[in-house]
Each structure stands twice: as C-alpha cells, then as structure tokens.
Amino acid sequence: MISVEEALEILLSNLPERKMERVPFQEALGRVLAEELVATCDIPPFNRSSMDGFAVRAVDVKNPPVELDVIGESRAGGGIPPGLKAGEAVAIMTGAPVPEGADAVEVIEQCELVAGGKKIRVLRPVQSKDNIAPQASEAKAGSVAITAGHRVGPAEIAVMATFGYSRVNVYGQPSVAIFATGDELVEVDATPQPDQIRNSNAYCLASQLRLMGLRADYLGIVRDDREELRRAMLAGLERDVLIITGGVSMGEYDFVRDVFQDLELEILFSKVAIKPGKPTVFARKGNKLVFGLPGNPISALITFECFVRPALGRLCGMTAPELPRMKGELQADMRQSPGRTAFMPAWVTWQDDGWKVEPLKWKSSADIIGFTGANATFIFPKNRDLLRRGEIVEIMLLPDFFVRQR
Ligand code: AMP
Ligand code: MG
Numbered sequence: 052m053i054s055v056e057e058a059l060e061i062l063l064s065n066l067p068e069r070k071m072e073r074v075p076f077q078e079a080l081g082r083v084l085a086e087e088l089v090a091t092c093d094i095p096p097f098n099r100s101s102m103d104g105f106a107v108r109a110v111d112v113k114n115p116p117v118e119l120d121v122i123g124e125s126r127a128g129g130g131i132p133p134g135l136k137a138g139e140a141v142a143i144m145t146g147a148p149v150p151e152g153a154d155a156v157e158v159i160e161q162c163e164l165v166a167g168g169k170k171i172r173v174l175r176p177v178q179s180k181d182n183i184a185p186q187a188s189e190a191k192a193g194s195v196a197i198t199a200g201h202r203v204g205p206a207e208i209a210v211m212a213t214f215g216y217s218r219v220n221v222y223g224q225p226s227v228a229i230f231a232t233g234d235e236l237v238e239v240d241a242t243p244q245p246d247q248i249r250n251s252n253a254y255c256l257a258s259q260l261r262l263m264g265l266r267a268d269y270l271g272i273v274r275d276d277r278e279e280l281r282r283a284m285l286a287g288l289e290r291d292v293l294i295i296t297g298g299v300s301m302g303e304y305d306f307v308r309d310v311f312q313d314l315e316l317e318i319l320f321s322k323v324a325i326k327p328g329k330p331t332v333f334a335r336k337g338n339k340l341v342f343g344l345p346g347n348p349i350s351a352l353i354t355f356e357c358f359v360r361p362a363l364g365r366l367c368g369m370t371a372p373e374l375p376r377m378k379g380e381l382q383a384d385m386r387q388s389p390g391r392t393a394f395m396p397a398w399v400t401w402q403d404d405g406w407k408v409e410p411l412k413w414k415s416s417a418d419i420i421g422f423t424g425a426n427a428t429f430i431f432p433k434n435r436d437l438l439r440r441g442e443i444v445e446i447m448l449l450p451d452f453f454v455r456q457r
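Be aware that the sequence shown starts at 52, since it is given in our numbering, and climbs by one per residue.
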C-alpha cells in the first residue's frame with residue numbers, strides 16, 4: 052500500500068501532454084492561458100485625468116487664490132483638447148485627455164467659477180503630475196500584459212477586451228466519461244427493489260467535475276459482468292479520461308481490475324493508505340487515464356478530490372489545482388485506527404482569531420447524508436490514533452466551502 056503522497060507523485064508523473072485550443076475570449080473564463088498577451092496599445096493611451104476639475108500648469112497656481120482663463124473643455128471621448136498656455140485652464144472630466152501644456156489637474160472642489168464661467172479662481176496649489184495618470188503608466192504597447200499559464204478570471208477578461216483579443220489560446224479541457232458499476236444500482240427515476248439502491252456516485256462525481264468547469268459523458272450503470280464492463284471501458288477509453296466508480300474492492304464480483312488487465316491497461320497504483328478510499332486504482336493506456344474509484348459514496352467523493360482533481364486540473368493547464376489547505380483548531384476529541392491518512396468531514400469557520408474545525412458526525416464512508424454539511428475535511432495523520440480538542444490540525448477545503456458560503 053502506498054501513501055497518499057506517493058500516489059500523487061505517480062499520478063503526476065504519468066500525465067499526458069496538455070492540449071491547446073483557441074476560444075472566443077469570454078469563454079476563456081476559468082481556463083488557463085496558453086499564450087502570453089501583449090499590450091497592443093499604451094494604457095492609458097494619453098495623459099488621463101483621474102478627477103473632475105481643471106487642467107492647469109502647477110506653476111500658475113503656486114500662490115492661491117489665482118484666477119485663470121478657461122479656454123475650453125476636455126471630456127472623455129470628446130477629442131483631443133486644445134493646448135494651454137500660462138494663465139489658462141481647461142475644464143476636464145475624469146477619463147479625459149489632459150491638454151498639451153498642462154501638468155496637473157486641480158479638483159473641482161478647489162475651483163470657483165468667476166466671470167460667468169469664463170474664469171476660475173483656484174483656491175489651493177497642486178503639484179505637477181497631481182491627478183494625472185500618464186500615458187502608458189499602466190501598460191506600454193508591446194509589454195507583456197498577462198503571462199502564459201495564468202488562470203483567467205474577470206480581470207483577465209477585461210484585459211483581453213482592453214487590448215482587442217477577441218480570441219485567445221487556452222489549454223484544452225480533457226473529455227471525460229463516467230460510469231457506475233454494481234448489480235445493485237438503479238437509475239434516479241427508478242424505484243429500487245429491496246436489494247437495490249439508486250446510483251448516486253455518478254452524479255456526485257459529475258457535479259465535482261462541473262465545479263472544476265468540466266463536463267462528463269455519463270455512460271450509465273454497468274453490471275458486475277466482465278463482458279459488460281469491457282464494453283463500457285472500451286467506450287470510455289474513447290475519451291481522454293475515464294472515471295469508474297465501484298467494483299474495485301476485493302469482493303467476489305469486483306471485476307474492474309480484472310478488466311483493466313484484460314484490456315492491457317497499465318495499472319500504476321491500486322491501493323492507497325487513504326481513508327476513506329483505500330482500493331483506489333489509477334491506470335493508463337497510452338494517453339488515456341482511467342480512475343477506478345471505490346463505490347462508497349464518500350470514498351468516491353474524497354478520492355476524486357485527492358487524485359482526480361490534481362490530475363485533471365493539470366490537464367487543463369493549472370499548475371497547482373490541489374484544494375487549498377490551511378490549519379485550524381479542532382473542536383472535539385477524535386479517534387481513528389492508525390495506518391491510513393484520513394480525511395474527515397468538518398464544518399470550518401473563522402471565529403475570533405482563527406479557523407475552528409467542527410468535526411461532523413458521520414457513520415461511515417457510505418454516509419453521504421452525514422457528509423452534506425461539510426465545507427472542508429481535516430486530515431488525521433496516519434500515525435495518530437487520537438487528536439485532542441484544541442489541537443491544531445491540517446484542513447483541506449472542499450469546493451463546497453464556496454458553494455455553501457452563506
Ligand atoms: P463497491 O466499491 O462496488 O464494493 O461498493 C461499495 C459500496 O458502495 C456498496 O455498498 C455499494 O452498494 C455502494 N455503491 C457502489 N456504487 C455506488 C453508486 N454508484 N452510488 C451509490 N452507492 C454505490
Ligand atoms: Mg460493487
């Protein structure tokens with residue numbers, strides 16, 4: 052049995068090349084830029100006023116009050132204003148070009164209109180450069196605005212718009228297929244017989260993928276039958292990544308590993324010292340990745356976050372897609388049998404001066420209902436059997452942390 056860290060290492064050294072595609076810039080949200088975006092013009096494109104007021108020469112208003120002739124106006128989008136000379140001012144709005152000759156903008160609150168608006172009286176001195184954003188002070192044409200590898204958020208979309216990048220190169224998104232295995236499983240809209248349960252894992256995993264911005268093809272429920280599994284796997288292997296849940300344990304009817312062997316998949320690990328989720332299998336065939344996740348609902352959920360997410364995030368071009376970790380104070384004594392790193396569901400909140408970790412009451416790795424209140428997991432080190440209330444523990448935030456934000 053390998054450790055969680057060893058499993059991750061194996062996983063990350065077996066990832067195929069990332070793909071690239073060109074998309075309309077608005078579709079780049081959440082994607083990773085695969086090219087450098089260069090400023091196509093100066094920003095600001097001219098010396099820009101950052102206040103409403105009057106463009107002046109700072110030397111003219113050194114000893115206020117001073118009266119200046121108002122010779123014109125500069126407004127955003129209103130053309131380039133006339134230049135000004137000693138003793139003159141130009142009314143100016145936020146975002147408008149500063150006229151030639153002016154080196155400062157006096158804010159409107161410090162100016163009084165006199166002579167019916169033909170003149171102003173300036174009440175306070177300004178320093179040269181005050182309230183002016185100089186041309187190219189934010190970006191110089193030809194300079195790098197956003198480096199490759201950047202994940203695109205709203206600000207990056209704004210920069211693309213600013214520089215006229217209507218299409219951009221981003222890393223591709225892997226195509227993903229999911230199927231669930233188990234003779235006991237029925238679909239959501241069916242009424243289970245006494246020996247049956249509804250398939251919940253496929254939908255849970257599909258939701259986890261969606262929170263990563265990925266969509267999966269659902270290939271349905273597959274019986275615990277070697278031939279059926281083989282057919283479903285061949286269909287799944289047409290995608291970049293196949294996620295299977297169930298059938299990876301050591302039971303009489305757990306055929307997933309056998310079929311991996313039948314199809315000559317290279318099994319890279321098949322048992323990890325993680326709780327829940329020990330029988331997690333990771334395999335590849337050429338460029339295709341296959342995950343065999345355990346059937347217990349929380350095992351499937353946790354092993355997705357611990358193994359599938361880091362792999363898929365990297366295929367999408369991310370460099371650190373792992374869920375964020377932090378530390379917090381445990382609010383109750385907790386026990387476990389040592390030997391495996393355990394990820395325990397918790398409700399984590401900021402209180403007073405730190406993160407507090409309230410462990411959830413859950414019955415087992417099958418108890419998805421007990422897990423519904425979790426926004427994080429805390430990590431129970433594998434060499435420990437008791438964590439005491441008040442101890443500082445490591446927390447792995449779940450994507451639910453933001454989904455459940457109140
Ligand atoms: P397995 O990994 O196939 O041994 O399944 C372990 C447990 O998880 C069993 O109790 C299964 O009934 C349950 N299980 C397996 N697959 C699913 C699924 N897709 N949805 C909900 N429960 C499942
Ligand atoms: Mg099963």
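Think of the CB as a built atom: it goes at the ideal place given N, C-alpha and C, for glycine as much as any other residue.
This one's a predicted model, so the numbers in the text were calculated from it and none came from an experiment.
Inset, instruction - Measure the Cβ-Cβ separation of Thr428 and Met395 and say whether it is below 7 angstroms. - result: In the sequence shown, the residue the question calls residue 428 occupies position 377. In the sequence shown, the residue the question calls residue 395 occupies position 344. Result yes, Cβ atoms of Thr428 and Met395 sit closer than 7 angstroms.
Inset, instruction - Would you kindly report the start and end of the unbroken beta strand (DSSP E) that includes Ser350? - result: For this step, residue 350 is matched to residue 299 along the sequence shown. Segment Pro348 to Thr354 is the alpha helix (DSSP H) holding Ser350; no beta strand (DSSP E) there.
Inset, instruction - Identify, in the order they occur along the chain, each residue of the same chain with its Cβ nearer than 6 angstroms to the Cβ of Val239, setting aside the five sequence neighbours on each side. - result: The residue you call residue 239 lines up with position 188 of the sequence shown. Excluding sequence neighbours, Val239 sits near Arg249.
Legend entry - Near the ligand AMP: Gly346 beta-carbon under 6 angstroms from a heavy atom: Residue 346 sits at position 295 when you count from the first residue of the sequence shown. Checking every heavy atom of the ligand AMP against the Cβ of Gly346, one is found closer than 6 angstroms.
Inset, instruction - Please confirm whether Leu270 and Val227 have their CB atoms less than 7 angstroms apart. - result: Here residue 270 refers to the residue found at position 219 of the sequence shown. Here residue 227 refers to the residue found at position 176 of the sequence shown. No, the pair does not count as a contact, with Cβ atoms beyond the cut-off.
Inset, instruction - Excluding the 5 residues preceding and the 5 following Phe105 in the sequence, name in chain order all residues of the same chain whose CB lies nearer than 8 angstroms to its CB. - result: For the purposes of this step, residue 105 is identified with residue 54 of the sequence shown, where counting begins at 1. Closer than 8 angstroms at the Cβ level, and outside the excluded window around Phe105, lie Leu119, Val121, Ala140, Val141, Ala142, Ile143, Val156, Glu157, Ile159, Cys162, Ile171 and Val173.
Legend entry - Three-state class that DSSP yields for Tyr254 in the structure shown: The residue labelled residue 254 in the question sits at position 203 within the sequence shown. Tyr254 falls in the helix class under three-state DSSP.
Legend entry - Reduced DSSP secondary structure (H/G/I, E/B, other) of Val110: Taking the sequence shown and counting its residues from 1, the one referred to as residue 110 is at position 59. Three-state DSSP puts Val110 in a helix.
Legend entry - Beta-carbon separation (whole angstroms), Ala417 vs Pro348, contact threshold 8 angstroms: Counting from one through the sequence shown, the residue named residue 417 turns up at place 366. Counting from one through the sequence shown, the residue named residue 348 turns up at place 297. Going by Cβ atoms, the distance from Ala417 to Pro348 rounds to 6 angstroms, so yes, they are a contact pair.
Inset, instruction - Helix, strand or coil for Cys162, going by three-state DSSP, please let me know. - result: If you number the sequence shown from 1, residue 162 lands on position 111. Strand at Cys162.
Legend entry - Residues that DSSP places opposite Val359 in a beta bridge: For the purposes of this step, residue 359 is identified with residue 308 of the sequence shown, where counting begins at 1. DSSP output for Val359 lists no bridge partner at all.
Inset, instruction - Starting from the C-beta of Ser300, find all residues in its chain whose C-beta is less than 8 angstroms away, skip the five residues before and the five after it, and write them out in chain order. - result: Reading the sequence shown from its first residue, position 249 is the one you call residue 300. Cβ neighbours of Ser300 beyond the five flanking positions: Pro330, Pro345 and Gly346.
Inset, instruction - Name the two residues that bound the continuous alpha helix (DSSP H) containing Glu278. - result: In the sequence shown, residue 278 corresponds to position 227, counting from 1. Arg277 to Gly287 is the span of the alpha helix (DSSP H), which, as asked, contains Glu278.
Inset, instruction - Compute every distance between the C-beta of Gly271 and the non-hydrogen atoms of the ligand MG, then say whether any falls below 6 angstroms. - result: Position 220 of the sequence shown, counted from the first residue, corresponds to residue 271. No.
Legend entry - beta strand (DSSP E) runs wholly inside the region 379-456, at least 3 long, in chain order: Entirely contained in the region 379-456, the beta strand (DSSP E) runs reaching 3 residues are, in chain order, 392-402, 405-410, 427-431 and 443-448.
Inset, instruction - Indicate, with yes or no, if the ligand AMP has a heavy atom lying under 6 angstroms from the CB of Thr242. - result: Position 191 of the sequence shown holds residue 242. Answer for Thr242: no, Cβ out of range of the ligand AMP.
Inset, instruction - Please confirm whether any heavy atom of the ligand MG lies closer than 6 angstroms to the CB of Gly298. - result: Counting from one through the sequence shown, the residue named residue 298 turns up at place 247. Answer for Gly298: yes, Cβ within range of the ligand MG.
Legend entry - C-alpha distance - Gly215 paired with Pro116, whole-angstrom precision: Position 164 of the sequence shown, counting from 1, holds the residue named residue 215. Position 65 of the sequence shown, counting from 1, holds the residue named residue 116. One C-alpha to the other measures close to 45 angstroms.
Inset, instruction - Compute every distance between the C-beta of Gly233 and the non-hydrogen atoms of the ligand AMP, then say whether any falls below 6 angstroms. - result: By one-based count along the sequence shown, residue 233 stands at place 182. Yes - the ligand AMP has a heavy atom lying nearer than 6 angstroms to the Cβ of Gly233.
Legend entry - Arg108 versus Asn114: straight-line alpha-carbon distance, rounded: Mapped onto the sequence shown, residue 108 falls at position 57. Mapped onto the sequence shown, residue 114 falls at position 63. Each residue's Cα considered, the two are about 12 angstroms apart.
Legend entry - Residue interval of the alpha helix (DSSP H) (run including Glu60): Position 9 of the sequence shown, counted from the first residue, corresponds to residue 60. It spans Val55 to Leu63 - the alpha helix (DSSP H) in which Glu60 sits, taken as one unbroken run.
Inset, instruction - Compute the Euclidean distance between the alpha carbons of Gln402 and Ser100, then round it to the nearest angstrom. - result: Numbered from 1 along the sequence shown, position 351 holds the residue referred to as residue 402. Numbered from 1 along the sequence shown, position 49 holds the residue referred to as residue 100. About 43 angstroms.
Inset, instruction - Just list the alpha helix (DSSP H) runs in the region 134-222, keeping only unbroken ones of 4 residues or longer that don't cross its boundaries, in chain order. - result: 205-213
Legend entry - the region 63-79 in contact with the region 123-133 per 3-pair CB rule at 8 angstroms: no
Inset, instruction - Output the distance between the C-alpha atoms of Ala324 and Leu84, rounded to the nearest integer angstrom. - result: As a first step, residue 324 must be located in the sequence shown, where it is residue number 273. As a first step, residue 84 must be located in the sequence shown, where it is residue number 33. C-alpha separation (whole angstroms): 35 angstroms.
Legend entry - Proximity test, Ser251 beta-carbon vs the ligand AMP heavy atom, cut-off 6 angstroms: By one-based count along the sequence shown, residue 251 stands at place 200. Under cutoff, so the answer is yes.
Legend entry - Paired residues, beta bridge with Val341 - DSSP: Position 290 of the sequence shown, counted from the start, is the residue given in the question as residue 341. Answer by DSSP bridge pairing, in chain order: Leu293 and Ala334.
Legend entry - Ala79 (DSSP reduced to helix, strand or coil): Counted from its first residue, the sequence shown places residue 79 at position 28. Taken through DSSP and simplified to helix, strand or coil, Ala79 comes out as helix.
Inset, instruction - Answer yes or no: do Asn98 and Val177 have a C-beta to C-beta separation smaller than 7 angstroms? - result: Working through the sequence shown from its first residue, we reach residue 98 at position 47. Working through the sequence shown from its first residue, we reach residue 177 at position 126. Taking 7 angstroms as the Cβ cut-off, Asn98 and Val177 do not qualify as a contacting pair.
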